[in-house]
Structure formats: C-alpha cells, structure tokens
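**Student:** Just so you know, the UniProt record's numbering puts 349 at position 156 of the sequence shown, and the rest follows in order with no gaps. Note that CB positions come from ideal geometry on N, CA and C, so glycine has one too.
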Amino acid sequence: TQLEQALRNAIIADTVDVHFQPIVRLTDNRVVGFEALARWNDADLGFVSPAVFVPLAEERGFIDTLSETLLRKAAEATLAWPRELFLSFNLSSAQLMDPRTTLNTLSILNSVGFDPRRLELEITETAVMGCADTAHRIFSELRDFGIKISLDDFGTGQSSLGRLRDFTFDKVKIDRAFVSAITTDRTSEHIIKAIVTMCEGLDLEVVAEGIETAAEADRLRALGCGMGQGYFFGKPADAASTLRYLSEHH
Ligand code: G
Ligand code: G
Ligand code: MN
Ligand code: NA
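1) Can you give me the Cβ contacts of HIS442 inside the same chain, cut-off strictly under 7 Å, excluding the 5 residues immediately before and after it?
2) Helix, strand or coil for VAL224, going by three-state DSSP, please let me know.
3) Grab the span of the beta strand (DSSP E) containing HIS383 for me, first residue to last.
4) Taking DSSP as the reference, what is the three-state secondary structure of GLU398?
5) Could you check whether the segment 404-411 touches the segment 380-388, counting it as contact only if at least three pairs of C-beta atoms, one from each stretch, sit closer than 8 Å?
6) Closest by CA to ALA374, which one among LEU397, PHE362, GLU402 and ARG356?
7) Compare the beta carbon distance of residue 159 and TRP233 with 9 Å and say whether it is the shorter of the two.
8) What is the DSSP secondary structure of LYS341, counted as helix, strand or coil?
9) Is it the case that the CB of SER242 approaches a heavy atom of ligand 1 more closely than 8 Å?
10) Which of helix, strand or coil does DSSP assign to LEU230?
11) ASN283: buried (16+ other C-beta within 10 angstroms of its C-beta) or exposed?
12) Let me check one thing: in DSSP terms, what residues is GLY421 bridge-paired to?
13) Give me the residue from PHE246, PHE227 and GLY423 with the minimum Cα distance to LEU312.
14) With respect to the alpha helix (DSSP H) encompassing ILE204, which residues constitute its N-terminal and C-terminal limits?
15) Whose CB is closer than 5 Å to a heavy atom of ligand 2? List the residues in chain order.
16) Kindly indicate which three-state DSSP category VAL365 falls into: helix, strand or coil?
17) Comparing C-alpha positions only, which one of GLY339, ALA203, GLN351 and ALA430 sits nearest to THR258?
18) Under 8 Å: does the beta carbon of PHE282 sit that close to some heavy atom of ligand 1?
19) Can you give the Cα-Cα distance for SER260 and GLY423, rounded to whole angstroms?
20) Whole angstroms are fine: how far does the CA of ALA273 sit from the CA of LEU439?
21) Just to confirm, does ILE375 get its C-beta within under 8 Å of one of the non-hydrogen atoms of ligand 1?
22) Do SER343 and VAL372 have their CB atoms nearer than 9 Å?
23) Taking 8 Å as the limit between beta carbons, can you name the residues of its chain near GLN351, skipping five residues before and five after?
24) Have a look at ARG437 and PHE213 and give me their C-alpha separation to the nearest angstrom.
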C-alpha cells in the first residue's frame, strides 16, 4: 500500500522522529523521567499517528528496524540531559514474541553508552497475551540487566489482574480513561484508590497517565499515587524542546 511504502521510505531516510513527554513525582512535581513517543510527519501524507504506523510496521514485519532506530535516537538524546532521568520506551507485542529483542536492546544501549538501569520498557496487557513463554523469558532477561518493565494502559485491557499475577512488573501505568474521570466520577476515583493500594502491597511503582488539570493532579496526589504524566505537566516534545523544558523545570 501507499502508506506502507511511505513508512518504509521514512525508515530508510531516517525521518521518523522521537518525542519525549515528562513523567513527574507527584509529591513535588519534580521530573523523574520521560516517555519516548514515535512521531512521523510525512512530506506527502502529513502527520501519521503511531497508533496507525506502529501496528502497520508490526504486521509487515519491520517493527524491529523501526523500534531499534527509535530506541537509538531516544537513548542518544538523553546524553544531553542535565541529570540522570529514566527513559521509558514502548515495546510492541511482536517484539515480545521475538527472542532477539533482549540482545538487540542491549546492543543499542551499549553502543550509545546508556545505562540499562535507566531504561523502562512499557508493555500493554494485550501484548503479553501472544506468546507467554517467550515473553516470560524476555522479561527475565531484560530484568537481569536492570531494565524495568511497566504495564501500560492498566485497567482497560482484558484480565489486567491476571497479568499482574503471571508476570513480574516494576511499574503500573493507570490508563488515562480512569484519570480523566477522577474529579467527576466516584467510581473512577475508587478504582484508582484501589489500584494505588494494590500496587503498594505488590511493591510496584504507579504512574497516572493523561493528567490534564491541577485538580486531577491534586486528587491523585491525595490518593497516594506516586507519579504522573499528562499535558498538565508537559506535552510530548522534540529533543531540543525537551532540553529547554529541563532547563526551566527542576
Ligand atoms: O503518542 P500517541 O498518543 O499518539 O501514541 C499512540 C499510541 O502509539 C500509544 O499507544 C503509544 O504507546 C504508541 N506508541 C508511540 N510510540 C511508540 C513506539 O515507539 N513504539 C511502540 N511500540 N508504540 C508506540
Ligand atoms: O498508550 P500510551 O500510554 O503509550 O500512549 C501515550 C499517549 O497518550 C501519547 O501518545 C500522548 O500523546 C497521549 N497523551 C499523553 N498525555 C496526555 C494527556 O494529558 N491527554 C491526552 N488526551 N493524551 C495524552
Ligand atoms: Mn506508553
Ligand atoms: Na498508556
């Protein structure tokens, strides 16, 4: 298809970019890390969402190439950051079924000079359903090198709790759907409260995603949620803007 060809060309021409969105500690709003997000603005097609081109790359078997390029770019960008913040990177389901993922990831980090202990890989609940054995092995290999694993979009997939029981995670990211309802809907508030309590018991870190207002941040802080991410703290921005952001925020 036209889209597929354009994406292949963009990967070859190295024009798929990576943006960064801040993740803050809610107690004092200090920036503790950034999530890397793929951005592709095609000369002919205009802006294409990663929600479209990531699945396409997976389906056509070039997600590895795309993802490796993005991870390299993201890790390189962190070298200019003024302090040691973590980098969170989204891993696709196809990569969790590919036994080469661990070595590929480590060799990129090694060549860039990025400490694996600063990397977190985000995985959605549906992604770990595909090939549980391979995913288990990849998880434990990655964690042996100090890479952390986050469960992304928590609460919206199928069998969220089953995932928590069957796999070892370091962090849970509460889906935006719960967060955006927290100030208006008691049910969402109770659900978030329960997730926070559960994560304390399981010794998991918690990030609330999609925080857009001060009221939402206040509510989450009061509920004991450790970290937050969303437009209220900062939108995803390119490497240069991220450096500027870091010089303006503590
Ligand atoms: O940034 P945005 O909301 O447009 O992202 C849409 C979706 O694409 C999200 O689910 C996000 O996790 C995913 N995504 C963004 N960048 C990457 C990436 O580099 N790799 C993978 N696998 N998914 C990504
Ligand atoms: O699936 P994942 O959680 O990786 O997707 C992250 C996406 O959510 C990013 O692509 C980003 O564009 C989007 N996002 C981040 N913060 C906010 C927010 O505060 N509001 C909304 N609507 N989207 C957000
Ligand atoms: Mn994510
Ligand atoms: Na998410």
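**Tutor:** Checking against the coordinates, here is how it stands:
1) Position 249 of the sequence shown, counted from the start, is the residue given in the question as residue 442. Cβ within range, chain order: VAL224.
2) As a position in the sequence shown, residue 224 is number 31, starting the count at 1. The answer is strand: DSSP assigns VAL224 an E or B state.
3) Counting from 1 along the sequence shown, the entry for residue 383 is found at position 190. That residue, HIS383, is in no beta strand (DSSP E); its alpha helix (DSSP H) goes 379-395.
4) Position 205 of the sequence shown, counting from 1, holds the residue named residue 398. In the three-state scheme derived from DSSP, where H, G and I count as helix and E and B as strand, GLU398 is classed as strand.
5) no
6) Within the sequence shown, residue 374 is the residue found at index 181, counting from 1. With distances taken between Cα atoms, ALA374 lies closest to GLU402.
7) The structure shown does not extend to residue 159, since the chain is modelled only from 194 to 443, so the question has no answer here.
8) As a first step, residue 341 is located in the sequence shown; it is residue number 148 there, counting from the start. Of the three classes helix, strand and coil, the one that applies to LYS341 here is strand, per DSSP.
9) As a working mapping, residue 242 is identified with position 49 in the sequence shown. Indeed, a heavy atom of ligand 1 lies less than 8 Å from the Cβ.
10) Position 37 of the sequence shown holds residue 230. Reduced to three states, the DSSP call for LEU230 is strand.
11) For the purposes of this step, residue 283 is taken as the residue at position 90 of the sequence shown. Buried is the call here.
12) Position 228 of the sequence shown, counted from the first residue, corresponds to residue 421. Answer is VAL217 and ALA401, bridged to GLY421.
13) The sequence position of residue 312 within the sequence shown is 119, counting from 1. It is PHE227 whose Cα lies nearest to the Cα of LEU312.
14) For the purposes of this step, residue 204 is taken as residue 11 along the sequence shown, with counting starting at 1. ILE204 -> alpha helix (DSSP H) spans 195-206.
15) The set, ordered by position in the chain, is LEU230, GLY403, GLU405, GLY423 and TYR424.
16) Residue numbering aside, residue 365 sits at position 172 when the sequence shown is read from its first letter. Three-state DSSP puts VAL365 in a strand.
17) Start at 1 with the first residue of the sequence shown, and residue 258 comes out as number 65. For THR258, the nearest C-alpha among the options comes from ALA203.
18) Here residue 282 is taken as the residue at index 89 of the sequence shown, counted from 1. At least one heavy atom of ligand 1 is nearer than 8 Å to the Cβ of PHE282, so yes.
19) One-based indexing of the sequence shown puts residue 260 at position 67. One-based indexing of the sequence shown puts residue 423 at position 230. Between the alpha carbons of SER260 and GLY423 lies a distance of about 23 Å.
20) Numbered from its first residue, the sequence shown carries residue 439 at position 246. Numbered from its first residue, the sequence shown carries residue 273 at position 80. Distance between the alpha carbons of LEU439 and ALA273: 10 Å.
21) Stepping through the sequence shown from its first residue, residue 375 is reached at position 182. No, since every heavy atom of ligand 1 falls outside the 8 Å radius drawn around the Cβ of ILE375.
22) What you label residue 343 is simply residue 150 of the sequence shown in a count that begins at 1. What you label residue 372 is simply residue 179 of the sequence shown in a count that begins at 1. No, the Cβ-Cβ distance between SER343 and VAL372 is not below 9 Å.
23) To locate residue 351, count along the sequence shown from 1; it is residue 158. Taken in chain order, the residues that qualify are GLU318, THR319 and MET322.
24) If you number the sequence shown from 1, residue 437 lands on position 244. If you number the sequence shown from 1, residue 213 lands on position 20. Between the alpha carbons of ARG437 and PHE213 lies a distance of about 12 Å.
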